[in-house]
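Below is one structure, written out as structure tokens, with a few remarks after it.
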Amino acid sequence: MANKTAAVAAPTNKKSWTSYIGEYGAFIALVFLVVVISVVSPEFRTAGNFLNLLRQATFNGLIAFGMTCVILSDGIDLSVGSTLALSAVISAKLIMQGVPAILAMIIALISGTLLGVVSVLLVTKGRLQPFIATLITMTAYRGLALILTDGKPISNIAKSIGDRPNQFAFKLVGKGNFCNIPIPAILLIFALIVFYFVLNKTTFGRKVYATGSNSKCAKLVGVNITKTKVIVYAISGFMSALTGLILISRLDSAQPTLGDGYELDAIAAVALGGTSMSGGRGKITGTIAGVLIISVLNNGMNLLEVSTYYQDVIKAVVILVAVLSDRKR
Amino acid sequence: MKIEMKGINKAFGSNQVLKDAGFVLEDGEVHALMGENGAGKSTLMKILTGVYTRDAGTVIVDGKEVIYKSPQEAEKAGIVFIYQELNVLFDLTVEENLFMGKEITKGFGICDKKAMRKKAQEAMDKMGVKIPINAVMSDLSVGQQQMVEICKALMVDAKVLIMDEPTAALTQSETEGLFKLIKSLRKKGVSIVYISHRMEEIFELCDRITILRDGTYVGTEKIKDINMDDIVRMMIGREIGERFPARDAKIGKEMLRVEGLTKGKTFKDVNFSVKAGEVLGVSGLMGAGRTEIMHAIFGNLPFESGKIFIEGKEVTIKNAREAINAGIGFITEDRKTEGLLLEKSISENIALANLGKFSDKSVVKKSKVDELVKKGIDEFHIKCFGPDHECNNLSGGNQQKVVFAKWVYTEPKILILDEPTRGVDIGAKKEIYSVINDLAAKGVAIILVSSELPEVLGMSDRIMVVHEGKITGIIDAKDADQEKVMTLATGGTL
Ligand SMILES: Nc1ncnc2c1ncn2[C@@H]1O[C@H](COP(=O)(O)OP(=O)(O)OP(=O)(O)O)[C@@H](O)[C@H]1O
Ligand SMILES: [Mg+2]
Chain F
1 MANKTAAVAA
11 PTNKKSWTSY
21 IGEYGAFIAL
31 VFLVVVISVV
41 SPEFRTAGNF
51 LNLLRQATFN
61 GLIAFGMTCV
71 ILSDGIDLSV
81 GSTLALSAVI
91 SAKLIMQGVP
101 AILAMIIALI
111 SGTLLGVVSV
121 LLVTKGRLQP
131 FIATLITMTA
141 YRGLALILTD
151 GKPISNIAKS
161 IGDRPNQFAF
171 KLVGKGNFCN
181 IPIPAILLIF
191 ALIVFYFVLN
201 KTTFGRKVYA
211 TGSNSKCAKL
221 VGVNITKTKV
231 IVYAISGFMS
241 ALTGLILISR
251 LDSAQPTLGD
261 GYELDAIAAV
271 ALGGTSMSGG
281 RGKITGTIAG
291 VLIISVLNNG
301 MNLLEVSTYY
311 QDVIKAVVIL
321 VAVLSDRKR
Chain R
1 MKIEMKGINK
11 AFGSNQVLKD
21 AGFVLEDGEV
31 HALMGENGAG
41 KSTLMKILTG
51 VYTRDAGTVI
61 VDGKEVIYKS
71 PQEAEKAGIV
81 FIYQELNVLF
91 DLTVEENLFM
101 GKEITKGFGI
111 CDKKAMRKKA
121 QEAMDKMGVK
131 IPINAVMSDL
141 SVGQQQMVEI
151 CKALMVDAKV
161 LIMDEPTAAL
171 TQSETEGLFK
181 LIKSLRKKGV
191 SIVYISHRME
201 EIFELCDRIT
211 ILRDGTYVGT
221 EKIKDINMDD
231 IVRMMIGREI
241 GERFPARDAK
251 IGKEMLRVEG
261 LTKGKTFKDV
271 NFSVKAGEVL
281 GVSGLMGAGR
291 TEIMHAIFGN
301 LPFESGKIFI
311 EGKEVTIKNA
321 REAINAGIGF
331 ITEDRKTEGL
341 LLEKSISENI
351 ALANLGKFSD
361 KSVVKKSKVD
371 ELVKKGIDEF
381 HIKCFGPDHE
391 CNNLSGGNQQ
401 KVVFAKWVYT
411 EPKILILDEP
421 TRGVDIGAKK
431 EIYSVINDLA
441 AKGVAIILVS
451 SELPEVLGMS
461 DRIMVVHEGK
471 ITGIIDAKDA
481 DQEKVMTLAT
491 GGTL
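Those protein sequences? They're chains F and R, same order as listed. Here this note's numbering is used: position 285 in the first sequence is 285, and no number is missing along the way. Here this note's numbering is used: position 199 in the second sequence is 199, and no number is missing along the way.
As structure tokens, this is what we get:
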């Protein structure tokens with residue numbers, strides 16, 4: 001019996017080279033892009049530009065990490081950009097009204113988390129499709145951000161903070177450096193490690209994959225689907241809010257239109273990284289590669305002075321090629 | 001462990017599925033649960049294990065009345081259910097499936113992968129199966145997935161194991177392995193509830209049998225004291241006569257011929273033909289390449305070399321649409337993923353394959369669809385609320401009947417049937433056999449791929465045996481017997 005079963009289509013642990021390309025496709029594409037752009041643009045190769053690039057990657061990266069979890073669990077979160085704006089506006093308003101900046105920033109993170117929970121309640125309790133649910137919250141949060149600010153940006157935030165420690169904290173998030181490395185870049189790397197650990201080493205990570213793979217089966221083996229989904233969207237909301245804080249710290253102003261269109265870049269990065277849009281399969285390491293591909297493309301095309309009209313088309317083509325080659329394996 | 005279920009009622013909406021159902025499971029016995037498709041066997045077991053809630057009735061386990069609220073509660077009590085529709089997470093690895101929901105941790109929800117691997121490997125070794133625990137589930141055969149499910153049950157030290165049609169997707173040899181396992185479990189005092197539509201298995205394996213009809217308890221007997229006809233009578237309330245109805249078909253001209261069909265190691269130099277009115281049985285072990293050959297003919301699987309002739313003319317079939325246009329129908333082995341749109345209604349499923357028939361300038365005529373669907377439900381005795389019944393909520397056997405109806409109405413000239421009676425009850429099987437005979441009488445050439453040897457022997461005119469992608473023999477059914485077919489199927493010669 002034992003022999004027979006093994007003889008029947010025994011799957012091997014050995015992988016063919018094509019499957020390696022599939023697995024590391026995003027990284028191969030990234031290296032290729034970096035090499036090509038380095039050759040044609042000397043400016044691209046400078047250390048300063050690389051740090052700049054990493055900083056740019058942070059905004060999309062942090063959001064894309066949260067998005068990866070959501071998509072792995074067979075969901076989608078279109079509200080990330082609006083959540084970012086609303087939580088940023090909330091914290092800016094609080095600061096302007098004299099609330100200590102550190103407290104205001106914590107409140108922003110909590111708001112972002114709760115905004116994510118609202119989205120997911122529409123999914124779990126309201127039985128809406130994730131796409132529709134987060135389309136609704138995306139629209140609503142943006143509207144709320146506009147209402148709160150009267151449509152006008154809140155500027156000169158740092159100056160309005162009275163005491164030094166709070167002012168320092170507010171500036172640190174977006175503009176600070178540690179050993180010459182921008183704080184946002186450090187946050188990105190730290191987040192990558194945390195997400196990698198959670199998705200690969202914890203029971204929660206397994207539940208996320210199980211939920212996305214087949215929620216009915218997962219439920220039968222005792223996975224609390226609702227709880228898993230709530231946590232996943234909460235994470236996404238938290239990451240959006242965190243990104244918002246970095247943005248307003250850098251810009252020293254909070255606009256209600258902040259983060260517009262960020263959901264698309266995040267979803268593109270996740271898809272580039274090889275995560276299945278129907279959940280259950282994918283890796284956070286793929287997502288970071290996807291994020292970097294998008295950043296390198298943007299950065300490179302700006303340096304090469306490609307017209308912005310062409311930039312979008314080229315980006316679209318790269319995403320298409322990447323996703324198609326991923327599907328082949 | 002002794003389990004007593006009494007007076008169980010259950011309705012889904014207005015559909016009363018169980019009324020006064022129940023049975024008694026004794027310690028250390030293998031207890032068969034039989035009944036027609038839709039009799040409520042799976043539902044009764046899902047009530048026992050807390051998947052569904054009951055409307056009325058009592059469950060007594062070892063003298064104490066219990067209500068399990070979830071499968072996990074039942075599992076803690078030692079009752080494990082291996083579902084008919086295998087409950088596996090296809091994107092995850094074997095190890096992740098084995099431990100889902102009960103991971104070994106180092107605390108704080110951090111997985112102890114090493115410990116889990118070790119325990120999984122031990123459990124596999126104990127069962128004597130060699131399945132790599134790092135393999136992704138979707139890369140395994142159905143038989144192997146089944147073994148993983150059983151392994152999962154054994155890892156929690158099940159005292160009661162419920163198996164819902166476990167052999168439906170297994171080959172002869174895998175089935176034998178499973179039986180050995182079941183017998184050794186019984187020796188260890190594990191009680192087993194065994195649901196199956198295969199009479200031979202019931203007689204080989206079980207100590208007692210309980211029969212349900214239309215959701216009601218009919219009776220319990222010792223296997224020693226009962227024969228097949230009694231069981232059938234209890235199941236459907238009447239006799240069904242011969243198991244394989246006689247066929248009155250004239251064998252005519254050649255409809256399909258395959259020459260030198262080859263695809264790497266999957267199948268090599270396959271030659272055969274089928275004539276109008278003929279039933280060609282195809283036998284072999286699972287993984288022998290039978291299914292792949294059929295997919296190649298149907299244009300689903302590209303092959304390297306070889307020719308296909310339909311009514312003497314060579315054809316190239318690149319996809320299913322072309323195959324259907326060429327007059328080939330194909331009932332696939334895996335109804336869950338290939339044969340049925342589970343979220344859709346019976347009516348939509350039948351209509352989809354027959355759109356051409358119903359539509360007038362691309363507008364689908366609802367009245368025509370309804371008419372045919374009603375006919376199908378009658379003809380195949382599909383147990384449902386009506387044409388709009390969602391296929392997800394049909395019993396396993398009834399799903400298979402929908403697939404069958406869907407294809408028969410496309411009026412194919414050549415019909416390929418891959419495991420057409422898998423999970424189908426004995427009465428309905430006979431109905432399907434009659435349909436096959438009727439089709440043959442109308443001049444349809446039929447290829448019947450089946451792992452059930454009695455079925456191949458009872459239904460075919462000729463039997464083709466496949467072993468590791470090669471045809472090891474084509475024998476006349478008159479000269480064939482179980483032994484000869486098995487010899488060929490395992491690579492021997494006659
Ligand atoms: N979730 C559900 N919702 C509605 N109806 C259901 C549901 N589950 C089962 N049914 C219905 O209950 C009846 C009994 O189904 P069940 O699956 O218990 O049959 P079974 O005896 O296991 O049949 P089979 O041998 O075909 O597996 C069927 O008519 C089926 O359509
Ligand atoms: Mg059943």
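All residues carry an ideal CB built from backbone N, CA and C; glycine is no exception. All of these numbers come straight from a predicted model, not from anything done at the bench.
- Not a single CB atom of chain R sits nearer than 9 Å to the CB of F/C179.
- Assignment of R/I317 by DSSP, reduced to helix, strand and coil, places it in the coil class.
- For R/I308, the closest of R/D269, R/R257 and R/N349 by C-alpha to C-alpha distance is R/R257.
- Environment of ligand 2, chain-ordered: R/K41, R/S42, R/Q84, R/D164, R/E165, R/I195, R/S395 and R/G396, taking every residue with Cβ within less than 7 Å of a heavy atom.
- For F/R281, a Cβ of chain R is located within less than 9 Å of the residue's own Cβ.
- For the pair of segments examined, the stretch 231-249 of chain F was found not to touch the stretch 29-48 of chain F: the number of CB pairs separated by less than 8 Å stays below three.
- Secondary structure at R/R198: coil, using DSSP grouped into helix, strand and coil.
- If you look at R/Q145, you'll find it in the alpha helix (DSSP H) that goes V142 to M155.
- Taking the C-beta atoms as reference points, F/G282 is found nearer than 9 Å to F/I71.
- When only Cα atoms are considered, R/P245 and R/G458 end up about 9 Å apart.
- Taking F/M301 as the centre and dropping the five residues before and after it, the same chain places the C-beta of Q311 closer than 6 Å to its C-beta, in chain order.
- DSSP places R/S273 within a strand segment (E or B) once states are collapsed to three.
- Beta-bridge pairing by DSSP links R/C111 to R/T105.
- When distances are taken from the beta-carbon of R/E431 to the heavy atoms of ligand 1, even the shortest one reaches 8 Å or more.
- For F/G222, a Cβ of chain R is located within less than 9 Å of the residue's own Cβ.
- For F/A266, the enclosing alpha helix (DSSP H) covers residues Y262 to L272.
- Within chain F, no C-beta atom comes nearer than 9 Å to that of R/E343; the closest sits roughly 12 Å away.
- Within the stretch 201-216 of chain F, K201, T202, T203, F204, R206, Y209, A210, S213 and N214 place their CB atoms closer than 7 Å to a CB of chain R, listed in sequence order.
- Checking the 8 Å criterion, the Cβ of R/G423 is within range of a heavy atom belonging to ligand 1.
- Residue-level contact check: R/P387 does not touch chain F, since none of the beta carbons of chain F fall below 9 Å from its beta carbon.
- Contact between the stretch 25-38 of chain R and the stretch 204-213 of chain R is present: 3 or more CB-CB pairs across the two stretches fall below 8 Å.
- Not one heavy atom of ligand 1 falls within 8 Å of the beta-carbon of R/E201.
- Between F/A29 and F/T113, the C-beta gap is not smaller than 9 Å, which leaves the two residues out of contact.
- With three or more CB-CB distances shorter than 8 Å, the stretch 13-24 of chain R counts as touching the stretch 41-55 of chain R.
- Under the Cβ criterion of 9 Å, F/S276 is counted among the residues facing chain R.
- Here the stretch 441-450 of chain R lies against the stretch 410-427 of chain R, with 3 or more beta-carbon pairs under 8 Å apart.
- The criterion of a C-beta distance shorter than 9 Å is not satisfied by R/M116 and R/S283.
- Contact annotation: R/G57 and R/G107 have beta-carbon atoms that are not nearer than 9 Å.
- Between the stretch 432-443 of chain R and the stretch 248-257 of chain R, the count of C-beta pairs closer than 8 Å reaches three or more; the two stretches touch.
- Within chain R, no residue has its beta carbon less than 9 Å from that of F/A101; the closest one is some 32 Å off.
- At a cut-off of 9 Å between beta-carbon atoms, R/M100 makes contact with chain F.
- Judged by DSSP in its simplified three-state form, R/S14 adopts coil rather than helix or strand.
- Excluding its 5 nearest sequence neighbours in each direction, R/Q121 has C-beta neighbours in its own chain below 7 Å: I133, listed in chain order.
- Counting along the chain, the unbroken beta strand (DSSP E) around R/M34 starts and ends at V30 to M34.
- Contacts with chain F at 9 Å (Cβ-Cβ) include R/N87.
- From the listed residues F/G273, F/S278 and F/A316, the smallest Cα separation to F/A26 is found for F/G273.
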